[in-house]
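Engineer: Going by my numbering, the sequence shown opens with residue 2, and the numbers climb by one from there.
Even for Gly, the Cβ is constructed at its ideal location relative to N, Cα and C.
Predicted, not measured: the structure shown is a model, and the values here were computed from it.
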Amino acid sequence: RCAGRVELLHRQRWGTVCDDAWDLQDAAVVCRQLGCGSALWALSGAYFGRGHDPIWLDEVQCTGAEESIFNCTARDWGHNNCVHGEDAGVICSVTMPPCSHCPHPLLPLCPPLPAPPAGHQVRLVNSGSRCSGRVEIFHGHQWGTVCDHSWDLRDAAAVCRQLDCG
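1. Quick one: residues in its chain with C-beta nearer than 6 angstroms to the C-beta of residue 105, no 5 flanking neighbours on either side, listed in chain order?
2. Helix, strand or coil: how does DSSP classify residue 88 here?
3. Can the beta-carbon of residue 135 be found less than 7 angstroms from the beta-carbon of residue 126?
4. Pick out whichever of 132, 144, 145 and 92 has its Cα sitting closest to the Cα of residue 28.
5. Considering Cα atoms alone, identify which of 80, 72 and 147 is closest to residue 58.
6. If distances are taken between C-alpha atoms only, which option among 4, 74 and 161 comes closest to residue 37?
7. Would you mind reading off the limits of the beta strand (DSSP E) that contains residue 66?
8. To the nearest angstrom, how far is the alpha carbon of residue 112 from that of residue 48?
9. What would DSSP say about residue 12, mapped onto helix, strand or coil?
10. Where do the ends of the beta strand (DSSP E) carrying residue 43 lie?
11. Assuming residue 4 is part of the beta strand (DSSP E), what are its boundary residues?
12. So, at 8 angstroms on beta carbons, what are the nonlocal neighbours of residue 86 in its own chain, with the 5 sequence-adjacent residues on each side left out?
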């Protein structure tokens, strides 16, 4: 499913949303904004793990009709009384294609993926399944995230194949 911790890009930095006043109307706006259908759950208490970047929004109050969470009322950006143990999350109604199949009809045949360079590993985190989540790469003795610039279904398919997820 489309699910995870809610993070927003503001001033070139990703940050989280505090769960104070977080409800299904707020989650509905996020799910719709992401093209993930309707909201099934508005989760609190860092259900999908604690973020590590700024907490950008607190006291989010959406009516449910907004096109974007950026149109909802909230405290000023970066002003909050929260810790990352209060990061908000969502579970949306849209189910993403399972990794055991190619994720896009234009990719019916998945070419073999070359082995990663020595010392490079990939993993998916912050999900209940080993075949879904945020992509991280182990490089230089530490795990790091992958920038989403130019990220597309072919990149996702390559990661799924590398992890034997399809």
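Structural biologist: Put simply:
1. The count along the sequence shown starts at 1 and reaches residue 105 at position 104. No answer about residue 105 holds up, because its pLDDT of 37 lies below 50 and its placement is not dependable.
2. Taking the first residue of the sequence shown as 1, we reach residue 88 at position 87. Strand, per DSSP.
3. Your numbering for residue 135 matches position 134 in the sequence shown. Your numbering for residue 126 matches position 125 in the sequence shown. Yes. Within cutoff.
4. Start at 1 with the first residue of the sequence shown, and residue 28 comes out as number 27. Of the listed residues, the one whose Cα sits closest to residue 28 is 92.
5. The sequence position of residue 58 within the sequence shown is 57, counting from 1. Closest option to residue 58, Cα to Cα, is 80.
6. In the sequence shown, the residue the question calls residue 37 occupies position 36. That would be 4, whose Cα lies nearest to the Cα of residue 37.
7. Indexing the sequence shown from 1 puts residue 66 at position 65. From DSSP, residue 66 is part of no beta strand (DSSP E); its letter is neither H nor E.
8. The residue labelled residue 112 in the question sits at position 111 within the sequence shown. The residue labelled residue 48 in the question sits at position 47 within the sequence shown. Residue confidence is low: residue 112 scores 35 on pLDDT, short of 50, so the model does not pin down where it sits. Its coordinate-derived value is still stated next. Taking the straight line from one Cα to the other gives about 36 angstroms.
9. Here residue 12 refers to the residue found at position 11 of the sequence shown. Coil, per DSSP.
10. As a first step, residue 43 must be located in the sequence shown, where it is residue number 42. Element bounds for residue 43: 40-44.
11. Here the question's residue 4 lines up with position 3 in the sequence shown. 4-6 is the span of the beta strand (DSSP E), which, as asked, contains residue 4.
12. Numbered from its first residue, the sequence shown carries residue 86 at position 85. Closer than 8 angstroms at the Cβ level, and outside the excluded window around residue 86, lie 46, 47 and 51.
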